[in-house]
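K.L.:
Residue numbers (the numbering used here): 8 to 88. Quick one: structure below, then a few questions.
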Amino acid sequence: MARRTIFDEALRGVGRTSKGTNKALRSGMRVGKRKSGKKRIKRNERQIERLSEQIENLTRQVSLLTQFQSNDGVRQGQRAE
């Protein structure tokens with residue numbers, strides 16, 4: 008807020024700027040609206056969905072590998088007998 012008052016006083020003191028210039032300067036000094044987090048939330052949700060799919064695929068692969076290893080162990084044990 009302090010910047011605005013100093014800026015306003017400087018503009019009033021000069022008096023040579025045009026209406027368009029004043030408008031542009033004031034809009035430049037205006038505090039921007041805070042962005043809503045909706046886009047960020049949606050992006051995070053998409054990333055979570057992708058990660059959950061990857062986890063599902065990895066768990067399937069691990070379960071298949073453990074099944075194959077256990078089957079190989081049984082086969083090797085049967086051959087040894």
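We put the CB at the ideal spot given by N, CA and C, even for glycine.
(1) Can you give the Cα-Cα distance for G39 and R47, rounded to whole angstroms?
(2) Where E88 and T73 are concerned, what is the direct C-alpha to C-alpha distance, given to the nearest angstrom?
(3) I need the straight-line Cα distance from E56 to S43, nearest angstrom please.
(4) Which class does G39 belong to by DSSP, given the choice of helix, strand or coil?
P.N.:
Put simply:
(1) 18 Å
(2) With a pLDDT of 46 at E88, under the threshold of 50, the predicted position of this residue should be treated as unreliable, though the coordinate-derived value follows. So the two alpha carbons sit approximately 23 Å from each other.
(3) 22 Å
(4) coil
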